[in-house]
Amino acid sequence: MEIYQEKQRKCQTVSVEVKKAQHKYVIGTRGQTIQEILAQTGVSVEVPSTDNPSETITLRGEQEKLGPGLSMLYEKANSVVMAEVDAPSWLHKYIIGRKGVNIKHVTQDLTRVHVEFNNDAGKIKLEGPQDELDRARQALEIVIEDLKATVTYEEIRVDPKYHRHIIGKNGANVNRLKQETNAVIHIPSDSEHSNIIRIEGNPAGVAQAKQELLDMVHKMENETTKELIIEQRFHGNIIGTKGESIKDIRDRFNQVNVNFPEQGIKSDKVTIRGPKEDVENCYRYLAQLKRDLLINNHRIELSVYRQFLKYIISQGRTGIRKIQTETETKIELPPENSDSDTIIITGKMENALAAKERILALQNELGNIVEVDIIIPAKFHNSIIGAKGQLIRSIMDECGKVTIRFPPEGSGSDKVNLRGPKEDVDKAKKQLIELSNEKQLSSYSVELKAKPEHHKFLIGRNGTNIKKVREKTGARVVFPSDKDEDRESIVIIGRKEAVMEAKKTLEDMVKDLDKVVTTEMRVPPRHHRHFVLRRGEVLRQIAEDFGGVNVSFPRSGSDSDLVILKGAKECVEGAKQRIMEIVSELEEMVTVECIIPQVYHRTVMGAKGHKVQAITQEYSVQIKFPDREVKDDQTDPHHNGEETAVNGDIDGVDPDEKPRKSDIIYITGKQENCLAAKEALLALVPVTIELSIPYDFHRYIIGQKGKDVRDMMDRYDVSIKVPAANSESEIIEVSGPPANVEQAREALMKRVQELEEEKQDRVLRSFQLTLEVDPKHHRHIIGQKGAVISKIRMTHKVQIHLPERGDPNQNFITIIGYESNAEAAREDILKIVHKYEEMVTEEVTIDSRVHSRLIGTRGRMRKKIMDEFDVDLQFARTTDSNPNLVVIVGMKENVEDCKDHLLNLEEEYLQDITENEFMLQYLSPTARSSGEDFTQNKGEAKDIIIKGGPWEQSQNAPDTTSTQEFPTFGSGDAPKPVAWGPRR
């Protein structure tokens, strides 16, 4: 107590004013600074709470200790100071720099300075020791001044409807403008509802970008729009694989913008926008393309037998694909769970017709098609066919679409033709014969009226009710089809007593159906939504199945579980039972989450959702995909040209991180079905694998103009990315569902193995050997018109290269091929060379005037002599120094024999020439004296003129019957000599 009193007497209180912002530095982390002051000086410090606006700090302690305590307080309070630097908000990102590079450069040596950017106020707050803070502020002010001098901005107002055109497809336009001007262009997204486009960058670039944008907007304001109706089925053809075709069209008409309806929207309108003249040209081009597509996409709908269709869907797709390839058509089969039996063929008319014939032929071959004729009296044909063909159509439908042909009316023929699969034909035959017997015994029919909505109940599930009636009475009951105008009339055919009994049974059933009753049942409210979902689709189906029964559920939001059913008693009971079955199924239902990154959802769903639809049908589940996630900073998909991630290229995904809502797919149904559906969905998630394939093989994998790689992608439904040629990378990426990717990988590896084998084979075929042969033998190796060398090449499958004239290596022949083949070819060549080296060559002088006769027409005489004596003959040219020289090459004996033969022929031919020259001296002097002119003009045709004939020696007309004047005319008497020439 004394100590307390003594302290109370000695202690004093001092209050000082310190800026509120500095209080935190006096307090320190968790009050450490206050504790430090107390420990070192013995002075306690009281600081007002943060809620209290007071700036007064109170110090308590002994008088001699208050001084040091106060000094230490001020030191701590002023250890950190704050300051603000003015900087326009739009400059902040430039001051910070990409990934904070610029601001780090400013503060890297000032570690105790904290910098905070206030975009709303256009301020930069600095906090730290005085000396470091001053240096940081000075550096920032320099940076800001530099940026103000080098960076500017402009804002222009543009109607939002033009924004997407400015951005361009995948940001092509805006990205080009950014690169050319080195400016930042911010185009607001649709959600911002703003018409201001902001441009930032260096003054010159901003000015250029602004002008180009204004020009672009001005151009768009003066553009026109035109619509062309093109069937939606042709849109894919015009767009092409990966948009290649539409890219060509846009390159051709680069001033226009061609837009197709978005996927999933049923519309045939194609919009063309741009300058009027360009739009007209593009419109005409697309219209012509449309006409060509109509010609090349003739459509045929072919109905086939159900049995054959089942076989095709399960096993026979290979045959259909072959027909499709060979006829260049597209063949579409109905879905497996569909009731349709129609195959659609698309292509050129002649090709589509050819494909149709081949499918029918395949149906005949695989479908065990038979054709049977049965005898039914002609008088019963009309009654068996029924009113508007109802009865015969019901038999055809019941028997798998078997074809039944009756003879033409009035022909008198009793023959009815049945054609189709054997089982169906036998079934139809049996029914027709039974029907015919009934008609022959007693043909009787009546009509019964019943509401169309009651027909299904009268027929029963899978026809059970109507089968009972038929088995009980023996009468046939024919219900109208959906296409009939009168849908209330039911026809009963058979013996009179059977018909009447069946009629009574059906009338009783109809009366029961017409009696309206009201029944109540309980359905838990949590299941009500299932029945009324999709505009009451489930309730409509129940009403359709059970005679139009009316089912009323409580209003939405009500807690009542009472459901009221109204209708025919039997129908109400059936509907009630069905609702209870659905509720039971709903009770068993569970919801399973399937985590698939949203970027894959489109691929998993498939075109128009066909993949996910197949899974829902196969496993009887409901699959709900999440709505597309829109981030706060995400703008239009085309915003500033930034593309969204595709093909699973996602950055920053942590597998341990909690899944995003946009990645969760909900599957509802029975647990085992949900799990199976989940596995099926996960199997559709595309994966990407990398295959290392030698760069040299890439061009063989791609094929001519990419044909081979496209075929592989179509066959396995995957994407195959081959690196560009200039990258020389060996990595090929394959993307798609895991099972498909694995199949494609195996196919690629198999192809690589084949290419490796081919490569090794090429190496073996590239074996090369060189053979030295005297050039004088080359012509013997080549042979006449290359016959000898061609034979060697074909026999041994090698390439043989002889040196060209002027080649310095005239003595060397190169052989390329398999080593054994090349060796064999060399042996054949050496045999030829050895053969000619053993031969002798002899020169004979033979008058050149007989050379032509020795050679003969087209060398026939020369060839005959060479074959006869097995030698080679070479005649000198007329321009050679010795034109009479003949060279004989061959075996010595053959050469001698050939020489003697040639000399004998020379002697004989020279004798003929001498005789001919002797006879020439008796020809007309003109011919002899004008030998030079004759020689020069012997090739020219001249008119023949005869003078001094008998007709010129008389004034009268010539007597052609006179044998004196015309020795060849008249009788066969010997003519007397007549003087021809001028009279003396």
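Counting in full-length UniProt numbering, the sequence shown runs from 1 upward without gaps.
By construction, the Cβ of each residue, glycine as well, lies at the ideal position given by its N, Cα and C atoms.
In this structure, how does DSSP classify residue i when only helix, strand and coil are distinguished?
i, result
"Phe117", "strand"
"Ile664", "strand"
"Met500", "helix"
"His193", "coil"
"Tyr283", "helix"
"Lys721", "strand"
"Pro421", "strand"
"Ile230", "coil"
"Asn437", "helix"
"Ala475", "coil"
"Gln634", "With a pLDDT of 42 at Gln634, under the threshold of 50, the modelled position of that residue is not reliable, and no figure is offered here."
"Phe812", "strand"
"Gln255", "coil"
Thinking C-alpha only, which one of the options is nearest residue i?
i, options, result
"Asn550", "Asp561, Val572, Pro188, Ser556", "Val572"
"Val47", "Val18, Ala543, Ile800, Thr111", "Val18"
"Ala568", "Glu907, Ser436, Thr519, Thr50", "Thr519"
"Val304", "Ile344, Gly274, Glu588", "Ile344"
"Ile493", "Arg540, Ser481, Tyr444, Leu448", "Tyr444"
"Thr505", "His528, Asn281, Arg470", "Arg470"
"Leu140", "Gly97, Glu180, Arg164, Lys169", "Gly97"
"Ile124", "Lys899, Trp90, Thr181, Ala428", "Trp90"
"Glu132", "Thr107, Ile490, Glu116", "Thr107"
"Leu854", "Asp897, Asp880, Val844, Tyr909", "Tyr909"
"Lys20", "Met794, Val416, Ala77", "Ala77"
"His186", "Glu544, Val425, Val174", "Val174"
"Gln12", "Met839, Ser44, Phe531", "Ser44"
Is the separation between the beta-carbon of residue i and that of residue j shorter than 8 angstroms?
i, j, result
"Gly319", "Ile369", "no"
"Gln232", "Lys266", "yes"
"Asn102", "Val151", "no"
"Asn351", "Thr325", "no"
"Val798", "Gly817", "yes"
"Ile731", "Val773", "no"
"Val206", "Ala183", "yes"
Take residue i and list the residues in its own chain whose beta-carbon comes closer than 6 angstroms to its own, dropping the five residues that flank it on each side.
i, result
"His454", "Leu513, Gly547"
"Ser735", "Asn647, Pro686, Thr688, Ser719"
"Gln130", "Val81"
"Ser552", "Ile564"
"His851", "Phe875"
"Glu728", "Tyr695"
Only counting the same chain, and skipping five residues up and downstream in sequence, which positions put a Cβ closer than 7 angstroms to that of residue i?
i, result
"Pro68", "Thr41"
"Met72", "Ile37, Gln40, Thr41"
"Ile392", "Ile384, Ile385, Gly386, Ile404"
"Val14", "Leu59, Leu66, Leu70"
"residue 989", "With the chain covering 1 to 984 only, the question about residue 989 has no answer from this structure."
"Ile156", "Ile197, Lys210, Leu213, Leu214"
"Tyr666", "Thr591, Glu593, Lys624"
"Asp414", "Ile375, Ile376, Pro377, Ala378"
"Gly463", "none"
In the DSSP assignment, find the alpha helix (DSSP H) that holds residue i and state where it starts and stops.
i, result
"Cys898", "892-920"
"Gln622", "First-last for Gln622: 622-624, but that is the beta strand (DSSP E), not the alpha helix (DSSP H)."
"Phe457", "452-459"
"Ile384", "381-385"
"Asn202", "Here Asn202 belongs to no alpha helix (DSSP H), and DSSP marks it neither H nor E."
"Gly236", "235-239"
"Tyr74", "63-77"
"Arg571", "For clarity, residue 571 is Cys in the given sequence; the question names Arg instead. Cys571 -> alpha helix (DSSP H) spans 569-588."
"Glu868", "860-869"
So residue i is in the beta strand (DSSP E); what residue range does that whole segment cover?
i, result
"Glu733", "731-736"
"His777", "That residue, His777, is in no beta strand (DSSP E); it is neither H nor E in DSSP."
"Tyr162", "Where Tyr162 is concerned, there is no enclosing beta strand (DSSP E), given that its DSSP letter is neither H nor E."
Can you list, in chain order, the residues of its chain whose CB lies under 8 angstroms from that of residue i, leaving out five sequence neighbours each side?
i, result
"Met749", "Leu691"
"Glu742", "none"
Going by the C-beta, is residue i closer than 7 angstroms to any heavy atom of the ligand PLP?
i, result
"Val469", "Of ligands this structure carries none, so the ligand PLP is not represented either."
Quick check on residue i - is its C-beta less than 8 angstroms from some C-beta in chain B?
i, result
"Arg476", "Reference to chain B is not applicable here, since this structure consists of a single protein chain."
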